[in-house]
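What follows is a set of notes on a single structure, which appears directly below.
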Amino acid sequence: MLSRLTRPQALAVCALPVVALIATAVFAPLPFSLAQPGMTANVLGENKGTPVITISGAKTRTTSGQLRMTTIEATNPDTRVSLGDVLSAWFATDRAVMPRDAVYPSGETTKQIEQHNSAQMKESQDAATEAALDYLHLNGKDVKVTLKLADVGGPSAGLLFTLGIIDKLDGNGSGGDLTGGRNVAGTGTIDADGKVGAVGGVALKTQAARRDGATVFLVPKAECSDARSELPKGLRLIPVTTLKSAVDSLVALESGKGSVAAC
């Protein structure tokens, strides 16, 4: 003989599967990475005791000001990210939720990802060197450029590497610094022809830049909207599409002559 459940008992029984589903959703790993503002490095200076840019075969100049490449710091590819983690980061201005595949290549081990990022950094450095020397009409066979930046991978420092090489060799082209003595930060890939490409995590990189004293931020034009979304007070955005547009804007900013693009 079956006994009849009271209303509270029935509700309790029905609630059990719902509670189980919620618990599973909260604690189950999700295909996301959590990111926050990462380290920045002045490419005109040293990183961990080693000059970031070393040039031989051509006369270099002493620079003032800074050119800071920026990064984001993301959870490791094998880190378990739960719904609770995602909800917490979603409402934080200094963190972001990103699809894991947008941060790390899909289906690769941590070691393979590190190798991939290192390869991208090397390609970016080679392209930066070629773009800078071509811009200055210098022969790559005569001028040797070495770029070293520890513990950073990927191609997003390309633009800043290129500008750093130009500043060390030619400054603003008229005897002054390309930076105008400012703390200039930025991000963007570069190809050998000087075309600037978009990157990810721009809203977090602007926060890292301002935290480390930057007052100007060079951003790929296609990502102006993302850069404005959480723009720290006191940081000026300058959109760029090519190496020439970046140099022209910095020279105009320093001299006070000519127009400086804005997002």
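Mind the numbering: the sequence shown is residues -7 to 255 in the numbering used here, read in order. For glycine and all other residues, C-beta sits at the position ideal for the given N, C-alpha and C. Please read all numbers here as calculations on a predicted model, not as lab measurements.
First through last residue of the beta strand (DSSP E) which encompasses residue i
i	result
leucine 242	That residue, leucine 242, is in no beta strand (DSSP E); its alpha helix (DSSP H) goes 235 to 247.
arginine 174	Taken as a continuous stretch (DSSP letters only), arginine 174 belongs to no beta strand (DSSP E), as it is neither H nor E.
alanine 66	58 to 66
glycine 30	24 to 34
leucine 155	Unbroken run through leucine 155 is the alpha helix (DSSP H), 150 to 161; no beta strand (DSSP E).
arginine 228	228 to 232
serine 217	Here serine 217 belongs to no beta strand (DSSP E); instead the alpha helix (DSSP H) covers 216 to 221.
serine 48	45 to 48
valine 137	136 to 139
proline 212	208 to 212
Closest Cα partner of residue i within the set the options
i	options	result
threonine 154	Ala142, Ser166 and Gly178	Gly178
threonine 32	Gly205, Leu227 and Lys249	Gly205
threonine 138	Gly146, Leu128 and Ala124	Ala124
serine 25	Ala195, Cys216, Asp70 and Leu141	Asp70
glycine 37	Ala66, Leu141, Ala88 and Pro212	Leu141
proline 212	Cys255, Lys249, Glu222 and Arg174	Cys255
alanine 200	Val243, Asn39 and Thr85	Thr85
valine 232	Gly192, Gly186 and Pro224	Gly186
glycine 30	Gly57, Thr55 and Arg87	Arg87
proline 147	Leu229, His108 and His129	His108
glutamate 100	Val89, Asn131 and Asn68	Asn68
glycine 168	Gly180, Thr63, Phe83 and Ser247	Ser247
lysine 136	Leu235, Val252, Lys51 and Phe83	Lys51
Own chain residues within Cβ distance below 7 Å of residue i, not counting five before or after
i	result
valine 35	Val44, Ile45, Leu59, Met61, Leu152, Phe153 and Gly156
alanine 15	Because alanine 15 carries a pLDDT of 43, less than 50, the predicted location of this residue cannot be relied on, and the following value inherits that uncertainty. Answer for alanine 15: no residue qualifies.
serine 221	Ala195
alanine 119	Gly150, Ile182, Asp183 and Ala184
valine 252	Ile230, Ser241, Ala244 and Leu245
aspartate 77	Leu26
Presumed contact (8 Å Cβ cut-off) between residue i and residue j, rounded CB distance
i	j	result
isoleucine 158	tyrosine 127	6 Å
glycine 145	glutamine 117	Between glutamine 117 and glycine 145 the Cβ distance is about 11 Å, and since that is not below 8 Å, they are no contact.
valine 188	alanine 238	7 Å
leucine 170	leucine 242	5 Å
glycine 163	arginine 72	Wrong, their Cβ atoms sit about 49 Å apart, outside the cutoff.
alanine 184	glutamate 115	That pair is no contact at about 10 Å.
leucine 229	glycine 180	No, leucine 229 and glycine 180 are not in contact; Cβ-Cβ is about 12 Å, not under 8 Å.
threonine 198	leucine 223	6 Å
Residues near residue i by beta carbon distance below 8 Å, same chain, minus five either side
i	result
aspartate 218	Val194 and Ala195
glycine 226	Arg202 and Thr207
serine 110	Gly145
glutamate 65	Ala27, Gln28, Pro29, Gly30 and Met31
glycine 250	Asp240, Val243 and Ala244
Test: residue i CB closer than 8 Å to a CB of chain D
i	result
alanine 195	Of the protein chains in this structure there is only one, and it is not chain D.
Own chain residues within Cβ distance below 6 Å of residue i, not counting five before or after
i	result
aspartate 134	Gly49
glutamate 215	Ala190 and Val194
proline 23	Arg92
tyrosine 96	Pro69 and Ile105
lysine 40	Ala142
alanine 149	Met61
glycine 173	Ser56 and Gly57
methionine 90	Ser25 and Ala27
Extent of the continuous alpha helix (DSSP H) run through residue i
i	result
alanine 201	194 to 203
Next on the checklist: List, from N- to C-terminal side, the alpha helix (DSSP H) runs of 4 residues or more that fit wholly inside the region 72 to 126.
Outcome noted: Counting only runs of 4 or more, we get 75 to 82 and 92 to 95.
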